[in-house]
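Step one of this worksheet: look at the structure below.
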Amino acid sequence: MDNPNFKSGFVALIGRPNVGKSTLLNYVVGQKVAIMSNVAQTTRNKIQGIYTTDEAQIVFIDTPGVHKPQTKLGDFMERSTLSALDEVDAVLYVVAADEKRGPGDNFIMERLKQVQKPIYLVVNKIDKVHPNKLPAIVKQFEDGTVKLADVVPVSALNGNNVNALINKLVDQLPNGPQYYPSDQISDHPERFVIAEMIREKVFMLTRQEVPHSVAVDVMSVKRQDDETVHINANIIVERPGQKGIIIGKKGQMLKQIGTMARKDIEHLLGDRVYLQLWVKVVPGWRDKSAMLKDYGYRS
Ligand code: GDP
Ligand code: MG
Ligand code: K
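In terms of the numbering used here, the sequence shown opens at residue 35 and continues consecutively.
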């Protein structure tokens, strides 16, 4: 990538549940999606999707804690969330055209007040309302507390005006490198991310006791009619001792890994998740390079 005019940056996507953030992201990143779980330099944030063209790369991130009041997280989290919003190049605040401003929005607006970066009010679901209703909807958010760089009405469902939104974003991004490869990470980016989230919890909870020779094989991801997602995954280790550590006394460790991973996956997918984990010993799996691809590794 030796284009000196290449533009890149991080854009935070916020908004209350069901306003269409995931739908918008899916539309934007489409087939070029390279969803990734936490990457080193963005431990506080989740990368949700990456939009890459020959001219620009936009890394969309989620900022946990901005979406709904989480009083238990306390001051520290509040502050880190705020600074996370100041580290991005722009913020997309997504609202739904067919819904009134609510308590969740008040919470978000309160946080956005202190953000110095350009904030775009994205009024989604315009396919659901008559155009002459839009000014009144927008007015609810133009209360003088939050400075809006622009207001962009879109329909994430049919893609209406989404290109205009992307063009506005790219226009104001700084020149910068392509942070992430433009190719897809796997045929099943969702599975890759799910595997990474489980792996991350294994390392986090077992600390140094289990070496990095742990793989996660997501065997099935099934979305049910009731909008719940059922996931089966194997945690693959090389030695029986490692299996024991991961399962823990009376299965407590595995249970904790499962609970924490499930919460992250639910956050990623936006749906209720049922996660079944098993631990499997496959001696020397690291040497079996043919298996690496199956276990979600890139080499
Ligand atoms: P999120 O919780 O903000 O990520 O919202 P989702 O992307 O999961 O969308 C919530 C619901 O709104 C889903 O049923 C979507 O199909 C629907 N939705 C999202 N965008 C639009 C839109 O532009 N128009 C319409 N009519 N429905 C939409
Ligand atoms: Mg969502
Ligand atoms: K949802």
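For each residue, glycine too, the CB sits at the ideal point set by N, CA and C.
Just the C-alpha distance for residue i and residue j, rounded to the nearest angstrom, thanks.
i	j	result
S220	T240	A caution first: S220 carries a pLDDT of 31, below 50, which makes its placement in the model too unreliable to give a value.
G193	L207	22 Å
G138	V149	17 Å
V204	D305	30 Å
G178	V252	48 Å
G285	K314	14 Å
R296	V271	20 Å
V307	N37	42 Å
T86	G275	43 Å
P169	E176	10 Å
I291	Q310	11 Å
Leaving aside the five residues before and after residue i along the sequence, list all residues of the same chain whose C-beta is less than 8 Å from its C-beta, in chain order.
i	result
N195	I160, V186, P187, V188 and S189
K181	I153
K202	Y154, D184 and V186
E121	F44
Is residue i helix, strand or coil when you go by DSSP?
i	result
A190	coil
V204	helix
S42	strand
K147	coil
N37	coil
H301	helix
A229	helix
A183	coil
Y61	helix
F175	coil
N268	strand
T262	coil
Q286	helix
V252	strand
Since I believe residue j is in contact with residue i (beta carbons under 8 Å), could you give me their beta-carbon distance rounded to a whole number of angstroms?
i	j	result
I265	I299	7 Å
A130	V53	4 Å
L126	V156	5 Å
G210	F40	7 Å
V255	L302	Not really, about 11 Å apart at Cβ, beyond 8 Å.
S42	Q212	6 Å
A124	K151	6 Å
G136	R50	7 Å
I200	I48	Not confirmed; about 17 Å, so no contact.
Note down, in chain order, each residue of its chain lying with its Cβ closer than 6 Å to the Cβ of residue i, except the 5 sequence neighbours on either side.
i	result
M294	K235
Looking only at its own chain, which residues have a Cβ that is under 7 Å from the Cβ of residue i, when we skip the five neighbours before and after it?
i	result
P282	First, the residue type needs correcting, since residue 282 is Gly and not Pro in the sequence shown. Contacts found: L288.
Neighbourhood of the ligand GDP [Cβ distance below 6 Å to any heavy atom], ordered by chain position: G49, P51, N52, V53, G54, K55, S56, T57, N158, K159, D161, K162, S189, A190, L191 and G304
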